[in-house]
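Worksheet: one structure, shown below.
Residue numbers (my numbering), protein chains in the order written: chain Z, 1 to 482; chain A, 483 to 687.
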């Protein structure tokens, strides 16, 4: 498969193909992939060596266990062993095996306009076509829809900026979903594919992109299979067939400029901004990067209209949010709630009135922070939920019920950020492992200053947010880390 | 919009780093070559620009109006980054390297970085396979200048930064010594290195 006239973009697909064929990534396969892609071997080797999915793992997939936070809380071994893997995004069913598995309908606990079962028509798309690109863009603007990947940037503004460049543009759907504890995009792609396809078709109609890429998590085989089936079954709805590219793993891949580098056959590390992707993104084209949940929301916006869309949520953040709820609750799973509900509301529906011992929550995973139950009155809105780090982010909530949970979770998040640092910039690469060691050993002198350096000086958002779990845990429960 | 740096009005051309250096302020910039695009990896050119902390190499000067290079917080942050950088280096003096090899040592001195704050993490790979230069990991700060010089300036692409996180290492080819890669011994990587990690043969003992 050659991606347009950019042979370098064959690198990642070629590495995937070789890995699937051989079960490991052989040196000869990297040499061949580099040759096919016209990339110097050293640069291809950078990519291959930076993708955790491609590493030789002698443990058969069936014997691996998930070592994500919710699975550790449910009894999986906390210490990394050769058999432990990163989060497998089935935290609603923990502990789970260390390989991908299907997203079952039972995991959808609360459904609203996004997760409502697919309907067999294209009402939203027909409305977009009838309106034409200009009026459709105005409708996106009027709806107040914000991106659901975690940054909540207004979708209409992003699209307008890209279109204002008046050059051929690229549309990239971010379905990497590599944050531990988050499984909403897999839920949409596997259980509500038609809603996603309708949203994608609307975006393609408005933006008229020269190239459309759906970038899916490399380990999420079930989601990729369902997406391929949906793209095939509903091809009539789409102006052209998008390219589907699978990633090679790593938390940083979800960062949008890293994802663009990966598509271009470059090492998956963040780019400098400016230029922003809407100015110069994929192959230098103005590029719109939107999350799967954002795309699915477009279907809702065009079916319901801006006024109805704004009737749910808040004036500044209309609509619903998908929350991936796991940990010490009776009903873990996917919850679609109006933007602006409180953590207490979420706990109530996920755990029932007898709220048991729940003592805290991790909101926003390794890029978020912890909150004690005394703070559960806070509303889930864009931005920080607390100055020490907790965020709504992409909607991952892990509930915790004891001091040992909190300590274990804080150490797990600190270790995750240290292990997943891509290594490009000094503060994150050198700082996160040192911060993790200081927290684990209780040598806290200088830790606050170090966290300030990591947060203020790191290149990308993931480095800048990495201090959150440590800072918030130390703020609320200093006694647990002395 | 006029650009004011440390209270002095300046010409707002190029990047903020260009503008700062043009005023004669010797801001550290360990991963930025004069003749190559910004990498943004070392984070040592931090300044306060209109109240925000930014890496000066990656911001157009024309987009900013007021810059402070010596405000208390930004000096503290720059020092913090340099201390983490020093924590990578078993050898910090940079003598007998290439033409830029004193840059890191000078930055530590300029911002009064406490170079012994962190224990030095153990990295000891040595590549002596090339007759003209050698690579010493214990002096490498992973800034990426050598890789950019090799690939973007010389269009050779003999080396990369393979591995992620703290496992990243300057790597010829697919993990081979320099003399088994497509390296042409042009010397661009040695010329770009801001420490003595890449040093001419006959350099440090």
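In this text, a Cβ means the ideal position worked out from N, Cα and C, and glycines have one as well. In this text, all values refer to a predicted model and were calculated from it rather than measured experimentally.
Cβ of residue i within 9 angstroms of any chain Z Cβ
i: residue 507 of chain A; result: no
i: residue 490 of chain A; result: no
i: residue 514 of chain A; result: no
i: residue 483 of chain A; result: no
i: residue 549 of chain A; result: no
i: residue 687 of chain A; result: Only weak support exists for where residue 687 of chain A lies, its pLDDT of 48 falling under 50; the value from the coordinates is given anyway. Not one chain Z Cβ lies under 9 angstroms of residue 687 of chain A.
i: residue 640 of chain A; result: yes
i: residue 496 of chain A; result: no
i: residue 599 of chain A; result: yes
i: residue 502 of chain A; result: no
i: residue 677 of chain A; result: no
i: residue 540 of chain A; result: yes
i: residue 563 of chain A; result: yes
Interface flag, residue i vs chain A, CB-CB below 9 angstroms
i: residue 471 of chain Z; result: no
i: residue 16 of chain Z; result: no
i: residue 49 of chain Z; result: yes
i: residue 197 of chain Z; result: no
i: residue 130 of chain Z; result: no
i: residue 45 of chain Z; result: yes
i: residue 267 of chain Z; result: yes
i: residue 40 of chain Z; result: yes
i: residue 395 of chain Z; result: no
i: residue 250 of chain Z; result: yes
i: residue 2 of chain Z; result: In this prediction, residue 2 of chain Z has a pLDDT of 44, which is less than 50 and means its spatial position is unreliable; what the coordinates show is noted afterwards. Cβ-Cβ to chain A under 9 angstroms: no for residue 2 of chain Z.
i: residue 11 of chain Z; result: no
Assigned exposure category for residue i - 16 Cβ within 10 Å defines buried
i: residue 2 of chain Z; result: With a pLDDT of only 44 at residue 2 of chain Z, under 50, the local geometry of the prediction cannot be trusted, and the value read off the model is given with reservation. Exposed, because fewer than 16 other Cβ atoms sit within 10 Å of the Cβ of residue 2 of chain Z.
i: residue 300 of chain Z; result: buried
i: residue 560 of chain A; result: buried
i: residue 577 of chain A; result: exposed
i: residue 564 of chain A; result: buried
i: residue 465 of chain Z; result: buried
i: residue 491 of chain Z; result: In the structure as shown, chain Z starts at 1 and stops at 482, and residue 491 of chain Z therefore has no counterpart that could be examined.
i: residue 204 of chain Z; result: buried
i: residue 285 of chain Z; result: buried
i: residue 482 of chain Z; result: exposed
i: residue 166 of chain Z; result: exposed
i: residue 687 of chain A; result: Only weak support is given to the placement of residue 687 of chain A: the predicted model assigns it a pLDDT of 48, under 50, and the value that follows is read from those uncertain coordinates. Result: exposed.
i: residue 258 of chain Z; result: buried
i: residue 324 of chain Z; result: buried
i: residue 438 of chain Z; result: buried
i: residue 318 of chain Z; result: buried
Beta-bridge partners of residue i, as assigned by DSSP
i: residue 618 of chain A; result: A/608
i: residue 335 of chain Z; result: Z/110, Z/323
i: residue 542 of chain A; result: A/497
i: residue 208 of chain Z; result: In DSSP, residue 208 of chain Z forms no bridge with anything.
i: residue 654 of chain A; result: A/641
i: residue 550 of chain A; result: A/530
i: residue 484 of chain A; result: Partner(s): none; residue 484 of chain A has no beta bridge.
i: residue 666 of chain A; result: Residue 666 of chain A pairs with nothing; no bridge assigned.
Span of the alpha helix (DSSP H), counted from its first residue to its last, around residue i
i: residue 627 of chain A; result: 627-630
i: residue 432 of chain Z; result: 426-441
i: residue 261 of chain Z; result: 256-263
i: residue 294 of chain Z; result: 292-304
i: residue 417 of chain Z; result: 403-420
i: residue 175 of chain Z; result: Run containing residue 175 of chain Z: none in the alpha helix (DSSP H); it sits in the beta strand (DSSP E), 170-175.
Extent of the continuous beta strand (DSSP E) run through residue i
i: residue 369 of chain Z; result: 369-372
i: residue 528 of chain A; result: 528-531
i: residue 397 of chain Z; result: 396-400
i: residue 215 of chain Z; result: 211-216
i: residue 460 of chain Z; result: Residue 460 of chain Z -> no beta strand (DSSP E), and no H or E assigned at all.
i: residue 517 of chain A; result: First-last for residue 517 of chain A: undefined, no H or E at that position.
i: residue 243 of chain Z; result: 243-246
i: residue 507 of chain A; result: Careful: residue 507 of chain A lies outside any beta strand (DSSP E) and carries neither H nor E.
i: residue 492 of chain A; result: 490-492
i: residue 119 of chain Z; result: No beta strand (DSSP E) holds residue 119 of chain Z; DSSP gives it neither H nor E.
i: residue 551 of chain Z; result: Coverage of chain Z is limited to positions 1 through 482, which leaves residue 551 of chain Z absent and any answer about it impossible.
i: residue 681 of chain A; result: 680-682
Taking beta-carbon pairs under 8 angstroms, can you tell me which members of the segment 402-431 of chain Z lie near chain A?
418, 419, 420, 421, 422, 423, 424, 425, 426, 427, 429, 430, 431: these are the residues of the segment 402-431 of chain Z whose beta carbon lies less than 8 angstroms from some beta carbon of chain A, given in chain order.
What are the residues in the segment 443-460 of chain Z lying within 8 angstroms of chain A by C-beta distance?
For the segment 443-460 of chain Z, which is checked against every Cβ of chain A, the residues closer than 8 angstroms are 446, 449, 450, 452, 453, 456, 457, 458, 459.
Which of the residues in the segment 605-623 of chain A, read from start to end, lie with their CB under 9 angstroms from any CB of chain Z?
Listed in sequence order: 623.
Would you list, in chain order, the members of the segment 653-668 of chain A that have their beta-carbon closer than 8 angstroms to a beta-carbon of chain Z?
For the segment 653-668 of chain A, the beta-carbon criterion of a distance under 8 angstroms to any beta-carbon of chain Z is satisfied by 653, 654, 655, 656, 657, 663, 664.
At a CB distance below 8 angstroms, what residues from the segment 308-335 of chain Z approach chain A? Give them in sequence order.
Within the segment 308-335 of chain Z, no residue qualifies.
Below 7 angstroms between beta carbons is the criterion; list the residues of the segment 346-377 of chain Z that meet it against any residue of chain A, in chain order.
Close to chain A, meaning a Cβ-Cβ distance shorter than 7 angstroms, is no residue of the segment 346-377 of chain Z at all.
Listed from N- to C-terminal order along the chain, which residues in the segment 524-535 of chain A have their beta-carbon within a distance smaller than 7 angstroms of any beta-carbon of chain Z?
Residues passing the 7 angstroms Cβ filter: 524, 525, 528, 535.
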